[in-house]
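**Student:** Supplied in structure tokens, the structure appears directly below.
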Amino acid sequence: MDIKPIVTDQDYQDALKQIERLWGADPASEDGTRLDALATLVAAYEEKQWSGGEADPVDTIRAHMEWNGYTQSDLAKVLGSRSRASEILNRRRALTLEMIQRLDQEWGLPASLLVKPYSIIAA
179 MDIKPIVTDQ DYQDALKQIE RLWGADPASE DGTRLDALAT LVAAYEEKQW SGGEADPVDT
239 IRAHMEWNGY TQSDLAKVLG SRSRASEILN RRRALTLEMI QRLDQEWGLP ASLLVKPYSI
299 IAA
């Protein structure tokens, strides 16, 4: 079994793809062992990337978009309009509870990462 550490965003993406492929493997099998190891590495990488307390909700959304290949248009579909997505990404509007719930449900972005206070730029 050749498993390497997750150091870069590309390593992270590759590991997520492998996890998706291996999902549901018998825990006693070699694939199950590989799945467990990859899941542990991914969790450690995510903890390291997101636990620093420095990523506010907008930074978290941007990182999630980059990691998953989402565009501002994709965000607009989730939030309801292109202008709303632009305002959120440019810190001109705060996320609402409804927006947070949609991001959680549709993109799997944990609401706990999006409810943190952050600064809004006055117009």
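Letter by letter, the sequence shown follows residues 179 to 301 in the numbering used here.
All C-beta atoms in this analysis are idealised placements derived from N, C-alpha and C, irrespective of residue type, glycine included.
If you draw a straight line from the alpha carbon of ARG212 to that of ALA221, how long is it in whole angstroms?
**Tutor:** If I take the Cα positions, the gap works out to 14 Å.
**Student:** Using a Cβ distance threshold of 8 Å, determine whether the stretch 248 to 258 contacts the stretch 276 to 283, with at least three qualifying pairs required.
**Tutor:** The stretch 248 to 258, when compared against the stretch 276 to 283, does touch it at the 8 Å Cβ threshold.
**Student:** Let's test the definition: count the other Cβ atoms within 10 Å of the Cβ of ALA193 and tell me whether it reaches 16, buried, or not, exposed.
**Tutor:** Result: buried.
**Student:** Less than 9 Å separating the beta-carbons of LEU291 and THR249?
**Tutor:** Contact: no.
**Student:** Mapping the DSSP letters down to three states, classify LYS255 as helix, strand or coil.
**Tutor:** Correct three-state label for LYS255: helix.
**Student:** Nearest-angstrom Cα distance between ASP252 and SER264?
**Tutor:** So the two alpha carbons sit approximately 11 Å from each other.
**Student:** Tell me which same chain residues have a C-beta within less than 8 Å of the C-beta of LEU219, skipping the five on either side of it?
**Tutor:** Only ILE181, PRO183, ILE184 and ALA193 meet the Cβ criterion.
**Student:** Fully enclosed by the stretch 179 to 247, which alpha helix (DSSP H) runs are 4 residues long or longer?
**Tutor:** Taking only runs of at least 4 residues, the alpha helix (DSSP H) segments lying wholly in the stretch 179 to 247 are 187 to 200, 208 to 228 and 235 to 246.
**Student:** Which residue comes first and which comes last in the alpha helix (DSSP H) that contains ALA289?
**Tutor:** Element bounds for ALA289: 289 to 292.
**Student:** Would you identify the three-state DSSP class for ARG280, choosing helix, strand or coil?
**Tutor:** Looking at ARG280 - three-state DSSP - the assignment turns out to be helix.
**Student:** Looking at the structure shown, is ALA272 part of a helix, part of a strand, or coil, going by DSSP?
**Tutor:** Three-state result, ALA272: coil.
**Student:** Near TRP201, what residues of its chain come up, given a Cβ to Cβ distance below 8 Å and the 5 sequence neighbours on each side ignored?
**Tutor:** These residues qualify, in order along the chain: LEU213.
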